[in-house]
Amino acid sequence: MTLAVGCRARPGKSRDNKTGSWRVFKPSFDHEKCSKCGMCQTLCPEGCVHEDAEGFSDPDYTYCKGCGICATECPKEAITMNQEEK
Amino acid sequence: MAEKKKTCELFDCGHRACGGCGAALAARLVTQAAGTETIVVNSTGCMEVFSTPYPETAWKVPWIHSLFENASAVASGIEAALKKQGRKEKIVIMAGDGATFDIGMICISGAFERGHDFAYICYDNEAYMNTGIQRSGATPYDASTTTSPAGKFSFGNKRPKKDMPAILAAHGAPYVATASIAYPADLKQKVEKAITTPGPCYVQVHAPCCTGWGFEGNQTIAIAKLAIETGLWVNFEMVDGKVTKVKKVVRKPVEEYLKTQKRFRHLFKPQRQDAEIAHIQAMADRNAEKYGLDIKLRKE
Amino acid sequence: MMEITEGSHAVAEAVRLCRPQVVSAYPITPQTHIVEALADFVANGKLDADYITVENELSALSACVGASAAGSRTYSATTSQGLLLMTEVVFNAAGMRLPVVMSIANRAVGAPLSIWNDQQDSISLRDAGWLQFYAEDNQEATDLHFLAYKVAEDPKIQLPAFVCFDGFILSHTYEPIDMLSQEQVDKYLPKYDPAEKLDAKDPISFGMYATPDYYLEFRYEMDQAQKRAKDVIAKAGKEFGTMFGRDYSALVEGYQLEDAETAIVAMGSVCGTVKDAIDEMRAACIKVGLLKIRVFRPFPSEEIAQALSKVKRVAVLDKNISLGAKGGATAIEVRDAMYGSTIPVKGYVLGLGGRDIRKKDIKEIVSLCEKGIGNQFYGLRKELI
Chain A
1 MTLAVGCRAR PGKSRDNKTG SWRVFKPSFD HEKCSKCGMC QTLCPEGCVH EDAEGFSDPD
61 YTYCKGCGIC ATECPKEAIT MNQEEK
Chain B
1001 MAEKKKTCEL FDCGHRACGG CGAALAARLV TQAAGTETIV VNSTGCMEVF STPYPETAWK
1061 VPWIHSLFEN ASAVASGIEA ALKKQGRKEK IVIMAGDGAT FDIGMICISG AFERGHDFAY
1121 ICYDNEAYMN TGIQRSGATP YDASTTTSPA GKFSFGNKRP KKDMPAILAA HGAPYVATAS
1181 IAYPADLKQK VEKAITTPGP CYVQVHAPCC TGWGFEGNQT IAIAKLAIET GLWVNFEMVD
1241 GKVTKVKKVV RKPVEEYLKT QKRFRHLFKP QRQDAEIAHI QAMADRNAEK YGLDIKLRKE
Chain C
2001 MMEITEGSHA VAEAVRLCRP QVVSAYPITP QTHIVEALAD FVANGKLDAD YITVENELSA
2061 LSACVGASAA GSRTYSATTS QGLLLMTEVV FNAAGMRLPV VMSIANRAVG APLSIWNDQQ
2121 DSISLRDAGW LQFYAEDNQE ATDLHFLAYK VAEDPKIQLP AFVCFDGFIL SHTYEPIDML
2181 SQEQVDKYLP KYDPAEKLDA KDPISFGMYA TPDYYLEFRY EMDQAQKRAK DVIAKAGKEF
2241 GTMFGRDYSA LVEGYQLEDA ETAIVAMGSV CGTVKDAIDE MRAACIKVGL LKIRVFRPFP
2301 SEEIAQALSK VKRVAVLDKN ISLGAKGGAT AIEVRDAMYG STIPVKGYVL GLGGRDIRKK
2361 DIKEIVSLCE KGIGNQFYGL RKELI
């Protein structure tokens, strides 16, 4: 990879950094309890919670750092944090 | 397996912010509100550092970082260039409280006085976080930082927050607002208003920092809410220098906010500092009076 | 077209002809006439630029960084204290590879405060990565702006450039100038159209940070660009000569150097005085010549060594001093260029803070050099020290 003059870059390369490896606790999303409010998608600092075709939320574990904001803020307590097995 | 739909994000995954980072959420929300036709000018600080270690950039809009203090001046130059080139992109400055309240004061004052058209979004995590939690002009009274540490002869930061919104309103900024990541829809609305109002506009976004303030990353939103509910952070809007909207609250005692964070632990341990807590309560009470914060509960 | 004009006004006119879209500058003696003239041009529709009256020099250059990154040709001017105040941005602009052109009306730096000429200001920033051009007279000061933009904006270079001309001595002096026409400049200097700019249609992140894994290579690339600049300057300078009759392809220029025994090396307006002194010395059969340095960065080491290879001794004039080191920057770098040769190189620090330099001083220096006396401040008032 040759250097970009002036230390510049086009979008996309941050995705090479798979921050999911940072996780200690892993969120699991219970679609039975999920009311599709989307707060977890809005409040995730990574922007890695996505809506599926049915409107339920799911995290992208490649990037999820396991911060737990989604679990704390979910109005339906549909998200639980569990220590991840490595 | 249900199919995953992706939201349109202009701040990408893979950035190196701490888990639970308030500023990272602010970056997402601000860029969502701003849209693709935006040029972001970022000061040196947490956001710039965690989002652009060469060659990884998390920004999907044109973005520029120059130095710590000069984002407003860089933005002034971009605005001039866009004018001469007949281009319509909007300029959004994203700077931390250090870059805004302190080192950037000269450049901000000049840019606001000249009346350039941009939206200045300050993500306020109340200290120089990127360099290891040193006090800034935005650090609240009695907060312990590495350069205003609590100790035998100190209760932490001796000064109240500098009133940046008032300073910039005094420069003639047509729209000035405070916001919080705790209320994302409100934040995005205010950012949109700052972008679409011609002239230099300012939105100060409260962005709690789990690493710097000392709390678990999953509490970021909850603590941001408590700041507002105790009256220590006021969400308001100013149009042409006059306060037009304030978020009213049923106020909680400041203690409920202070006890959640290690940076205020010295006010409770090894012993309660009643005088200091009362002093902080008085500050919240003054905010309540100044902005009309209190929701009047109906008496039975 | 020939006109008699003040140096500052000639520079302002040259800048106007380069069609910058954004001008951002803060007034400081002795550059003020430049920025005032440009403001006047804008106010009267003679220059179609956005003129930002910034609140300090740091903001002046920062605005240029923003405008240049956004794809506009941009301009600033400063000197002395102003240049030092914006030093952080000077390094930043070069590292970000933005081809800003900035006039420096050279002035001494405080403390003690001085408004008069020497070259300490721009010389102090020789490490920053900017190209540095030094004008002997106002014709050069004018022409070097066209050259500077052309070289700076060359895709192989992409480095900002200082055009230095001595404050008051050149900036406030009226000289006859052959000013190019707009048509001529448009032919020589194409529109600025960078391959990369801040643009929603092609989002790029500018000014990222570099970890130890990358930083060295970024700085190496800048140094390579400086080295490439020699050829680009030669080509652009030759093209200027072909089109307009004044050739700027050489980074250094000899005057009566061919058979000289003593060579004086100098930069800037003092060269005019030196040439007059040489004419008088030659009439008295003293074999002395001048090697004028017109480009200080990239430093023309090989060219200097080549040009001075046949002389018996070298006297380097410096209107700057690297305090605590062995003289001024030019002497130190010339000595380095001559390393390995047995030709003695003596440095003379003179003219600091606007101290006048006369023909008799040049003759005195040649005499000192002949006696092997040098590497000192010249012209000290002994009664004061």
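Quick mapping for you: the protein sequence lines, in order, are chains A, B and C.
In this text, residue positions in the first sequence follow this note's numbering: the first is 1, and each later residue adds one.
In this text, residue positions in the second sequence follow this note's numbering: the first is 1001, and each later residue adds one.
In this text, residue positions in the third sequence follow this note's numbering: the first is 2001, and each later residue adds one.
Glycine residues also receive a C-beta, built at the ideal position from the N, C-alpha and C atoms.
Neighbour-count burial assignment, residue i, 16 or more Cβ in a 10 Å radius
i	result
residue 1240 of chain B	exposed
residue 2470 of chain C	Because chain C spans 2001 through 2385 in this model, residue 2470 of chain C falls outside it and cannot be assessed.
residue 2285 of chain C	exposed
residue 1166 of chain B	exposed
residue 1110 of chain B	buried
residue 1245 of chain B	exposed
residue 2171 of chain C	buried
residue 1298 of chain B	exposed
residue 1207 of chain B	buried
residue 51 of chain A	buried
residue 1005 of chain B	Its pLDDT being 41, under 50, residue 1005 of chain B is placed unreliably in this model, and the coordinates cannot settle the point.
residue 1129 of chain B	buried
residue 2297 of chain C	buried
residue 2062 of chain C	buried
residue 2333 of chain C	buried
residue 1095 of chain B	buried
residue 1001 of chain B	Any reading at residue 1001 of chain B must be qualified, since the residue scores a pLDDT of 41, below 50, and its modelled position is unreliable; no value is offered.
residue 1113 of chain B	exposed
residue 2119 of chain C	buried
Among the options, the one whose alpha carbon lies nearest that of residue i
i	options	result
residue 83 of chain A	A:77, A:25, A:35, A:3	A:25
residue 1062 of chain B	B:1037, B:1279, B:1076	B:1037
residue 2329 of chain C	C:2367, C:2267, C:2354	C:2267
residue 2013 of chain C	C:2177, C:2058, C:2217	C:2177
residue 1160 of chain B	B:1177, B:1252, B:1176, B:1141	B:1141
residue 2048 of chain C	B:1243, B:1010, B:1181, B:1081	B:1081
residue 1220 of chain B	A:77, A:78, A:79, A:71	A:71
residue 2358 of chain C	C:2326, C:2107, C:2277, C:2207	C:2277
residue 126 of chain A	A:2, A:20, A:35	The requested residue 126 of chain A does not occur in the structure, where chain A is confined to residues 1 to 86.
residue 1258 of chain B	B:1280, B:1275, B:1249, B:1218	B:1280
residue 2010 of chain C	C:2218, C:2229, C:2041	C:2041
Spatial neighbours of residue i in its chain, beta-carbon cut-off 8 Å, leaving aside the 5 residues before and after
i	result
residue 1003 of chain B	Bear in mind that the predicted position of residue 1003 of chain B carries a pLDDT of just 42, short of 50, making it unreliable; the figure below should be weighed with that in mind. So no residue of the chain qualifies.
residue 1127 of chain B	1097, 1098, 1133, 1134, 1135, 1136, 1138, 1139, 1143, 1145, 1209, 1212
Min CB distance residue i to chain B below 8 Å
i	result
residue 82 of chain A	no
residue 59 of chain A	no
residue 2092 of chain C	yes
residue 2190 of chain C	no
Neighbour flag for residue i against chain A, beta carbons, 8 Å
i	result
residue 1265 of chain B	no
residue 1059 of chain B	yes
residue 1219 of chain B	yes
residue 1024 of chain B	yes
Test: residue i CB closer than 8 Å to a CB of chain C
i	result
residue 1015 of chain B	no
residue 6 of chain A	yes
residue 90 of chain A	Any question about residue 90 of chain A goes unanswered here, given that chain A covers just 1 to 86.
residue 10 of chain A	yes
residue 1107 of chain B	yes
residue 1067 of chain B	yes
Contacting residues, own chain, Cβ-Cβ under 6 Å from residue i (five flanking each side not counted)
i	result
residue 2074 of chain C	2020, 2022, 2064, 2067, 2068, 2100
residue 1007 of chain B	Residue placement at residue 1007 of chain B is flagged as unreliable, the pLDDT there being 49, under the threshold of 50; a coordinate-derived value is accordingly withheld.
residue 1073 of chain B	1107
residue 1233 of chain B	1206, 1227
residue 2269 of chain C	2166, 2169, 2170
residue 1181 of chain B	1022, 1025, 1026, 1207, 1224
Sequence-distant residues of its chain with Cβ nearer than 7 Å to residue i (five each side left out)
i	result
residue 1256 of chain B	1226, 1230
residue 67 of chain A	45
residue 31 of chain A	56
Listed by chain order, chain D residues near residue i by CB distance under 8 Å
i	result
residue 3 of chain A	Going by chain labels, chain D is absent from the structure shown, which instead holds the protein chains A, B and C.
Quiz item: How do the segment 2161-2168 of chain C and the segment 2129-2139 of chain C stand: do at least 3 beta-carbon pairs fall below 8 Å, yes or no?
Solution: yes
Quiz item: Would the segment 1044-1057 of chain B and the segment 1083-1099 of chain B be scored as touching if the rule is three or more Cβ pairs under 8 Å?
Solution: yes
Quiz item: Do the segment 2078-2098 of chain C and the segment 2138-2148 of chain C touch if we need at least three Cβ pairs shorter than 8 Å?
Solution: no
Quiz item: Would you say the segment 2010-2018 of chain C touches the segment 1193-1200 of chain B, given that touching needs at least three Cβ pairs under 8 Å?
Solution: no
Quiz item: With contact counted as at least three CB pairs below 8 Å, one residue from each stretch, are the segment 2086-2094 of chain C and the segment 2033-2051 of chain C in contact?
Solution: no
Exercise. Check whether the segment 1024-1038 of chain B touches the segment 2173-2190 of chain C, counting contact only when three or more Cβ pairs, one atom from each stretch, lie closer than 8 Å.
Key: no
Quiz item: Are at least three pairs of beta-carbons, each pair with one atom in the segment 2198-2207 of chain C and one in the segment 1050-1067 of chain B, less than 8 Å apart?
Solution: yes
Self-check item: Stretch-stretch touch, CB-based, cutoff 8 Å, three pairs: the segment 2336-2349 of chain C with the segment 2305-2320 of chain C
Solution: yes
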